[in-house]
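Note that the numbering used here has the sequence shown beginning at 95, numbered continuously upward. For reference, the structure discussed in these notes is given below.
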Amino acid sequence: MQKLIFLHFILILSLLSTANCNAAFERDADYYIHTLDSLLTRQSDLERDKLIRIADINDKKRNASSVFDRFMTNGLLAEEYSTYRADSALKYIDISLDLAEKSGNEEWTARTLISKANLLTSTGLLNEASEVMNRINRERLPEELLPDYYGEMIYLYSHLGNYAGGDTNEYYRRERAYKDSIMSVITPSHPDYLWYKGWDILGTDKTDPSLIPALRERLASSKLNSRRDAKDAYILSKLYEWQGDKENFKKFMVISSIIDVKTANAEIASLEELAKIMFEEKQIDHAYTFINYSLNQARDFPNRVRILSITKTIDKINLAYQERNRMQEKRIRIFLTLVCILAVILIATVTIIIIQNKRLKRQRSNLDEANKRLNQHLEQLSTAQSQLAEANGKLQELNQSLIAKNDELNEANYVKEEYIGYIFTICSNYIRKLEEFRKSIHVKAVTRKYKAIEECTSDSNFMKDELKDFYNSFDSVFLHIYPDFVKDFNSLLQPDKQITTKEGELLNTELRIYALVRLGITDSVKIAEFLHCSPQTVYNNRFRVRNKAIIPKENFAETVRTLGKFMERPS
Numbered sequence: 095m096q097k098l099i100f101l102h103f104i105l106i107l108s109l110l111s112t113a114n115c116n117a118a119f120e121r122d123a124d125y126y127i128h129t130l131d132s133l134l135t136r137q138s139d140l141e142r143d144k145l146i147r148i149a150d151i152n153d154k155k156r157n158a159s160s161v162f163d164r165f166m167t168n169g170l171l172a173e174e175y176s177t178y179r180a181d182s183a184l185k186y187i188d189i190s191l192d193l194a195e196k197s198g199n200e201e202w203t204a205r206t207l208i209s210k211a212n213l214l215t216s217t218g219l220l221n222e223a224s225e226v227m228n229r230i231n232r233e234r235l236p237e238e239l240l241p242d243y244y245g246e247m248i249y250l251y252s253h254l255g256n257y258a259g260g261d262t263n264e265y266y267r268r269e270r271a272y273k274d275s276i277m278s279v280i281t282p283s284h285p286d287y288l289w290y291k292g293w294d295i296l297g298t299d300k301t302d303p304s305l306i307p308a309l310r311e312r313l314a315s316s317k318l319n320s321r322r323d324a325k326d327a328y329i330l331s332k333l334y335e336w337q338g339d340k341e342n343f344k345k346f347m348v349i350s351s352i353i354d355v356k357t358a359n360a361e362i363a364s365l366e367e368l369a370k371i372m373f374e375e376k377q378i379d380h381a382y383t384f385i386n387y388s389l390n391q392a393r394d395f396p397n398r399v400r401i402l403s404i405t406k407t408i409d410k411i412n413l414a415y416q417e418r419n420r421m422q423e424k425r426i427r428i429f430l431t432l433v434c435i436l437a438v439i440l441i442a443t444v445t446i447i448i449i450q451n452k453r454l455k456r457q458r459s460n461l462d463e464a465n466k467r468l469n470q471h472l473e474q475l476s477t478a479q480s481q482l483a484e485a486n487g488k489l490q491e492l493n494q495s496l497i498a499k500n501d502e503l504n505e506a507n508y509v510k511e512e513y514i515g516y517i518f519t520i521c522s523n524y525i526r527k528l529e530e531f532r533k534s535i536h537v538k539a540v541t542r543k544y545k546a547i548e549e550c551t552s553d554s555n556f557m558k559d560e561l562k563d564f565y566n567s568f569d570s571v572f573l574h575i576y577p578d579f580v581k582d583f584n585s586l587l588q589p590d591k592q593i594t595t596k597e598g599e600l601l602n603t604e605l606r607i608y609a610l611v612r613l614g615i616t617d618s619v620k621i622a623e624f625l626h627c628s629p630q631t632v633y634n635n636r637f638r639v640r641n642k643a644i645i646p647k648e649n650f651a652e653t654v655r656t657l658g659k660f661m662e663r664p665s
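This is the structure:
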C-alpha cells in the first residue's frame, strides 16, 4: 500500500513538473527572436564577461601549487577557450597533456586527448583529430570515460561523413555503431545522457515519450547560461523538427542561439541553422544578420568546417539580401520620381491657387459689402421677428390662461349644477319628511298619545339615519362628478398606509373631509359644520392623513384640490 502511495506521489510530481516546464516556454518564437536581436547588439559586453571569467581562472592558475591544481585550472581555461578561441584552447590542452603524461596519470592523459581531438574536430582538422584518438587505448579506459570516448568518435565520424568526402556511407555506418556503443554504456545520470539519447532517436524509428519532457524540465530549471543548456535546447529543437512541430523547432533553436550568444560561444551551429529557418520564412534581414554573425564567429574561432558550411548558405542569403535591397532601391527611385512629379504638380497648383486667391479676394471684398447691407436688413427683420415672437408668446400664454380658466369655469358650473340639483332633492325630501313628521305628531296629539310623541321626539336614531342618508347622498354625487378621486387620493399616500372603505361604504370620514377640500372648502370649522362633527375631529383626521403623505405636508391640501378628473356631462 505504501509503495502504491509513493508511486502516485511520484506521478503527481512528474505531472506538476511537466506543467511547470511547459509554462516556462509559453511565449512564441518571435518573443525570443526579439531577445536574440537585443543580445547581438551587446556582443562586446558579452565577450568582456567571457574574458573576465578567463582572467579569474588565470588568477587561480597562478596560485596553483600542486600538479592537480595546475592540471585542473589548465583544463578550465581550455574549456572556456574551446568555444571561443581554438588556438588558445589548444595551447592549454597541450599544457594539460604535458602535465598528465609527466605525472603518469593515464586517466588524465586519456581525458585530455579526448578534449584535444574534440577541439581539432571542431576546427575541421579531422585527420589530426583521428590521429589523436588513435593514441587512446580503449581497452584501458575507465568506465566513466567511455561515454566521452564514444561521444568524440560519433562527433568525428559525423564530420568525416559531412565534409571529408570519400566513402561517406562507411563513415555514417561507424557513426551509427558508436551511437549504439555509447547508449550501451552511458547512464541516465550522465550529464550528456539526454543529448546522446536525442541523437540516437533522430532519423530512426525509435521513440522515447519521456525525452522531450525531460529536456524541457532541465531547461526550465537551469539558468540558460552554459554550453550544456545550449546543447539541450538544440537537441530539443531537432527532436521537435523530427516530429514535424515547426513552431517549437524554431522556438528552441532560437533559445539555443540565445544561450550561445550569451556565453560568447564562437562554435555556434544553432545560429547558422536559425539563419536557414529565417531564410525559408522570407525574413531576409534576420537571416542576413544571423548568418554573417555566424561567419564572423567561425573565422575568429577559427572553424574551417563551419566556414565551409556557412559559405554554402551565405551565398543564397546574400543574393536574396542584395535582391531585396535592389528591389527596395528600385521602389525608392520610383517613389522619388513620383515625389518629383507630385512636387511639380504641387508648385503649379499652388501658383494657380495664389492667382485664384487674389481674384477671390477682390470678389470677397465686394461680397462683404453686399453682406453688410444684407445684415442690416436682416437685423431689422430679426428685430421685427423678435417682437412678433414676443407678441405670439404673450398671446399663447393668454390663450392657455383662458383655456385653463374656461376649464375651471366649466368644472365649477358642472359641480354647481350637480349640487344645486342635489340640494333641491335633499330639501324636497326634508320638506316631505317634515310634513310626514308633522302629520304623525298631529295625529298623536289629537288622539292624546303624548307618550308616543315623547318617545318619537326623544329618539336619537332618527337623526343618525338622516345623517347617514345625507352622507350617502353626498358621496354618490361627489363620486359621480369625480369618479377617480379615491384612487388619485391614495396615490398621494404611502403604499402601506392607503385608505380603504368598508363594504357598502363609498367614502369614510377621512375621504369625505378631503372631498370637501377638493370642492374648495378648506376651513376645518366649516367642514365640521357640514359633516356634523367637532372641528377637533376634522383637524385630527387631516393631521393623521397628512402624516401618511409621500409629498410635502404644506403642499398636500393644494394638491388634493387638483385631484380627480371630473366626469363631464355628455353633449
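Glycine included, every Cβ here is placed at the ideal spot set by N, Cα and C.
**residue 244: first and last residue of the uninterrupted alpha helix (DSSP H) it sits in** = Along the sequence shown, read from residue 1 onward, the residue named residue 244 stands at position 150. DSSP places residue 244 in the uninterrupted alpha helix (DSSP H) bounded by 240–253.
Exercise. Thinking C-beta only, is residue 645 closer than 7 Å to residue 600?
Worked result: Translated into positions along the sequence shown, residue 600 becomes position 506. Translated into positions along the sequence shown, residue 645 becomes position 551. With a cutoff of 7 Å on beta-carbon distance, residue 600 and residue 645 are scored as not near each other.
*Quick one: what's got a C-beta closer than 8 Å to residue 366's C-beta in the same chain, skipping five residues either side?*
Taking the first residue of the sequence shown as 1, we reach residue 366 at position 272. 384, 385, 388, 400, 403, 404, 407, listed in sequence order.
Applying the 10 Å Cβ sphere with the 16-neighbour rule, what's the burial state of residue 115? For the purposes of this step, residue 115 is identified with residue 21 of the sequence shown, where counting begins at 1. Since pLDDT at residue 115 reaches only 48, below the 50 mark, its modelled position is unreliable, and the value read off the structure follows with that caveat. Around the Cβ of residue 115, a 10 Å sphere holds 16 or more other Cβ atoms; the residue is buried.
Checklist entry - Which runs of the alpha helix (DSSP H) fall wholly inside the stretch 607–633 and span at least 4 residues, in chain order? => result Here the runs fully enclosed are 618–625.
| said: If contacts are defined as beta-carbon pairs under 8 Å, then residue 211 and residue 250 qualify, I think. What distance do you get, rounded to the angstrom? | reply: Position 117 of the sequence shown, counted from the first residue, corresponds to residue 211. Position 156 of the sequence shown, counted from the first residue, corresponds to residue 250. Contact holds; Cβ gap of about 7 Å.
For residue 276, which of 427, 177, 239 has the nearest alpha-carbon? The residue labelled residue 276 in the question sits at position 182 within the sequence shown. For the residues 427, 177, 239, the minimum Cα distance to residue 276 belongs to 239.
#### Entry: Own chain residues within Cβ distance below 7 Å of residue 291, not counting five before or after
As a position in the sequence shown, residue 291 is number 197, starting the count at 1. Correct list, in chain order: 302, 305.
Cβ atoms of residue 351 and residue 333: under 7 Å apart, would you say?
-> Start at 1 with the first residue of the sequence shown, and residue 333 comes out as number 239. Start at 1 with the first residue of the sequence shown, and residue 351 comes out as number 257. Contact check for residue 333 against residue 351 fails: the beta carbons are separated by 7 Å or more.
- Given that a residue counts as buried once 16 or more other Cβ atoms are within 10 Å of its Cβ, and exposed if not, what is residue 557? Looking up residue 557 in the sequence shown gives position 463. Exposed, because fewer than 16 other Cβ atoms sit within 10 Å of the Cβ of residue 557.
Might you give, ordered along the chain, the residues of its own chain that have their beta carbon closer than 8 Å to the beta carbon of residue 202, omitting 5 neighbours on each side?
For the purposes of this step, residue 202 is identified with residue 108 of the sequence shown, where counting begins at 1. Result list for residue 202: 165, 190, 193, 194, in chain order.
Practice prompt. From the DSSP output, in three-state form, read off residue 653 for me.
Written response: The residue given as residue 653 occupies position 559 in the sequence shown. Here residue 653 sits in helix by DSSP.
* Asked: According to the neighbour-count rule (16 or more other Cβ atoms, all chains shown, within 10 Å of its Cβ), is residue 146 buried or exposed?
  -> For this step, residue 146 is matched to residue 52 along the sequence shown. Taking all protein chains in view, the Cβ of residue 146 is surrounded by fewer than 16 other Cβ atoms within 10 Å, so the residue is classified as exposed.
Taking only the alpha-carbon atoms, compute the straight-line gap between residue 237 and residue 197 and give it to the nearest angstrom. On the sequence shown, position 143 is the one that residue 237 refers to. On the sequence shown, position 103 is the one that residue 197 refers to. If you draw a straight line from the Cα of residue 237 to the Cα of residue 197, it is about 21 Å long.
Exercise. Identify the continuous alpha helix (DSSP H) that holds residue 178 and give its terminal residues.
Key: Within the sequence shown, residue 178 is the residue found at index 84, counting from 1. Run containing residue 178: none; DSSP gives neither H nor E here.
Notebook entry, point to check: Taking the C-alpha atoms as reference points, what is the distance between residue 473 and residue 455?
Noted result: Position 379 of the sequence shown holds residue 473. Position 361 of the sequence shown holds residue 455. Cα-Cα distance, rounded: 26 Å.
Using a threshold of 7 Å, state whether the C-beta atoms of residue 144 and residue 363 are closer than that. Your numbering for residue 144 matches position 50 in the sequence shown. Your numbering for residue 363 matches position 269 in the sequence shown. In this structure, residue 144 sits away from residue 363, with a CB-CB distance that is not shorter than 7 Å.
key: First through last residue of the alpha helix (DSSP H) which encompasses residue 307   = Reading the sequence shown from its first residue, position 213 is the one you call residue 307. Under the DSSP assignment, residue 307 falls in the alpha helix (DSSP H) whose first and last residues are 305–314.
**Neighbour-count burial assignment, residue 421, 16 or more Cβ in a 10 Å radius** = On the sequence shown, position 327 is the one that residue 421 refers to. The residue is exposed, with fewer than 16 neighbouring Cβ atoms inside 10 Å.
- Task: Just mark residue 461 as buried or exposed, buried being the case when its beta carbon has 16 or more other beta carbons within 10 Å.
- Result: To locate residue 461, count along the sequence shown from 1; it is residue 367. By the neighbour-count criterion, in which 16 or more other beta carbons inside 10 Å mark a residue as buried, residue 461 falls on the exposed side.
Is it buried or exposed for residue 241, if we count other Cβ within 10 angstroms and need 16 for buried? Position 147 of the sequence shown holds residue 241. Buried, because 16 or more other Cβ atoms sit within 10 Å of the Cβ of residue 241.
Delimiting residues of the alpha helix (DSSP H) encompassing residue 212 = For the purposes of this step, residue 212 is taken as residue 118 along the sequence shown, with counting starting at 1. Annotation: the continuous alpha helix (DSSP H) that includes residue 212 extends over 200–216.
| message | Going by DSSP in three states, residue 134 sits in which element: helix, strand or coil? | response | By 1-based counting over the sequence shown, the position of residue 134 is 40. For residue 134, the secondary structure class from DSSP, reduced to helix, strand or coil, is helix.
Enclosing alpha helix (DSSP H) for residue 600 [first to last residue] = To locate residue 600, count along the sequence shown from 1; it is residue 506. Counting along the chain, residue 600 falls outside any alpha helix (DSSP H), and DSSP gives it neither H nor E.
Within the continuous alpha helix (DSSP H) that includes residue 325, where are the two ends? For the purposes of this step, residue 325 is taken as residue 231 along the sequence shown, with counting starting at 1. Start and end: 321–337.
Report task. Could you have a look at residue 271 and say whether DSSP puts it in helix, strand or coil? Result -> Reading the sequence shown from its first residue, position 177 is the one you call residue 271. Residue state, collapsed to three classes: helix.
**Asked** Mind checking whether residue 266 and residue 255 have CB atoms under 7 Å apart?
**Response** Here residue 266 refers to the residue found at position 172 of the sequence shown. Here residue 255 refers to the residue found at position 161 of the sequence shown. Yes, the pair counts as a contact, with Cβ atoms nearer than the cut-off.
Checklist entry - Should the stretch 322–331 be regarded as contacting the stretch 341–355, the criterion being three or more beta carbon pairs within less than 8 Å? => result For the pair of segments examined, the stretch 322–331 was found to touch the stretch 341–355: the number of CB pairs separated by less than 8 Å reaches three.
- Task: For residue 587, write down the residues that DSSP places opposite it in a beta bridge.
- Result: Residue 587 sits at position 493 when you count from the first residue of the sequence shown. Its beta-bridge partners are 643.
- Message: Could you check whether residue 216 and residue 187 sit closer than 7 Å to each other, using their CB atoms as the reference points?
- Response: Along the sequence shown, read from residue 1 onward, the residue named residue 187 stands at position 93. Along the sequence shown, read from residue 1 onward, the residue named residue 216 stands at position 122. No.
Taking the alpha-carbon positions, what's the residue 269 to residue 298 distance?
On the sequence shown, residue 269 is found 175 positions in, with the first residue counted as 1. On the sequence shown, residue 298 is found 204 positions in, with the first residue counted as 1. For residue 269 and residue 298, the gap between their C-alpha atoms comes out near 14 Å.
>> Starting from residue 369, trace the alpha helix (DSSP H) in both directions and tell me its first and last residue.
In response: Position 275 of the sequence shown, counted from the first residue, corresponds to residue 369. First-last of the alpha helix (DSSP H) with residue 369: 363–374.
What whole-angstrom Cβ distance do residue 176 and residue 140 have, given they're in contact under 8 Å? Against the sequence shown, residue 176 aligns to sequence position 82. Against the sequence shown, residue 140 aligns to sequence position 46. Contact annotation, residue 176 with residue 140: C-beta distance approximately 17 Å; criterion of less than 8 Å not satisfied.
Along the chain, where does the alpha helix (DSSP H) that runs through residue 593 open and close? Along the sequence shown, read from residue 1 onward, the residue named residue 593 stands at position 499. Unbroken run through residue 593: none, as it is neither H nor E.
Going along the chain, which residues of its own chain have a beta-carbon closer than 8 Å to the beta-carbon of residue 295, five neighbours each way excluded? By one-based count along the sequence shown, residue 295 stands at place 201. Excluding its 5 nearest sequence neighbours in each direction, residue 295 has C-beta neighbours in its own chain below 8 Å: 301, 302, 305, 333, 336, listed in chain order.
Query raised in the report: With distances taken from CA atoms, which of 535, 375, 137 is nearest residue 390?
Result: Position 296 of the sequence shown, counting from 1, holds the residue named residue 390. Out of 535, 375, 137, 137 has the C-alpha closest to the C-alpha of residue 390.
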